[in-house]
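One structure below.
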Amino acid sequence: MLKPSRVKRLSDFVPEAIGPVAARQGFAGGEVVARWAAIVGPEIAAVAAPVKLHAPRSKSSDPDAAPERASLTLRVEGAFALEIQHRSHEIIERVNAHLGWPCVGQIKIRQGAVVPSSAQPARRAPPPATEAERVAARAATAAVDDPELAEALARLGEAALAAARGPGGG
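Sequential numbering from 291 applies to the sequence shown in this note's numbering.
Written out as structure tokens, the structure reads:
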């Protein structure tokens with residue numbers, strides 16, 4: 291009689307499932323792509339995604355020579371390209387630590403839209419303020435002399451009260 295196998299997490303199957311597609315872009319096994327957010331952290335993963343890993347062909351005939359390091363191409367949201375460039379050494383260290391050897395030597399940046407990582411929760415619109423929350427916010431800002439400032443503070447108060455209530459409250 292066969293023993294039932296242990297339950298596996300869905301994330302255990304992702305590298306295997308995307309392996310063939312990732313391999314065409316130089317990512318052996320798809321491990322870097324599948325675990326990108328865990329490797330570089332959610333802050334970097336939100337604005338940069340791996341596109342290609344290109345290892346140059348070895349020109350040395352010495353089998354003991356260290357392999358040349360690969361170039362990791364990242365798609366980066368345009369506004370964050372400079373930040374990613376400044377943090378490239380950190381990204382290289384994290385990717386190499388994950389791979390277990392100094393594979394990546396440089397990062398190339400291609401600007402473009404980055405699809406949000408599944409590790410990043412989708413942002414939801416804040417719930418609308420109730421009439422009671424609007425009245426409370428207006429009452430709290432009634433003593434403010436500047437009408438534009440009072441209006442801005444009231445809107446902020448409404449949003450804060452609605453967010454504290456949450457989407458299901460009422």
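From the three backbone atoms N, C-alpha and C, an ideal C-beta is built for every residue, glycine too.
For residue i, three-class secondary structure by DSSP
{"i": "Gly395", "result": "strand"}
{"i": "Pro346", "result": "coil"}
{"i": "Arg365", "result": "strand"}
{"i": "Ala338", "result": "strand"}
Residue i classed as buried or exposed, judged by whether at least 16 other C-beta atoms fall within 10 angstroms
{"i": "Leu439", "result": "exposed"}
{"i": "Arg314", "result": "In this predicted model, Arg314 has a pLDDT of only 46, less than 50, meaning its place in the structure is not dependable; the value taken from the coordinates is given anyway. Label assigned to Arg314: exposed."}
{"i": "Ala444", "result": "buried"}
{"i": "Pro340", "result": "buried"}
{"i": "Val405", "result": "exposed"}
{"i": "Leu343", "result": "buried"}
{"i": "Ala427", "result": "buried"}
7 angstroms Cβ shell around residue i - same chain, five flanking residues per side excluded
{"i": "Arg384", "result": "Ile329, Val330"}
Proximal residues to residue i (C-beta, below 8 angstroms), its chain only, five neighbours per side dropped
{"i": "Ile382", "result": "Leu362, Val394, Gly395, Gln396, Ile397"}
{"i": "Ala409", "result": "Summary for Ala409: the model assigns pLDDT 45, below 50, so the residue's position carries little reliability, and this model does not support an answer."}
{"i": "Pro403", "result": "The residue you asked about is not Pro; residue 403 is Ala in the sequence shown. Cβ neighbours of Ala403 beyond the five flanking positions: Arg365, Glu367."}
Cut-off 6 angstroms between Cβ atoms - residues of its own chain near residue i, not counting five sequence neighbours on either side
{"i": "Arg424", "result": "Glu448"}
{"i": "Val311", "result": "Confidence at Val311 is low in this model, with a pLDDT of 46, below 50, so the placement of that residue should be treated as unreliable; the coordinate-derived value is given next. Closer than 6 angstroms at Cβ, skipping near neighbours: no residue."}
Extent of the continuous alpha helix (DSSP H) run through residue i
{"i": "Gly447", "result": "437-455"}
{"i": "Glu358", "result": "From DSSP, Glu358 is part of no alpha helix (DSSP H); its letter is neither H nor E."}
Contact belief for residue i with residue j at Cβ below 8 angstroms, rounded distance in angstroms
{"i": "Ala419", "j": "Leu451", "result": "6 angstroms"}
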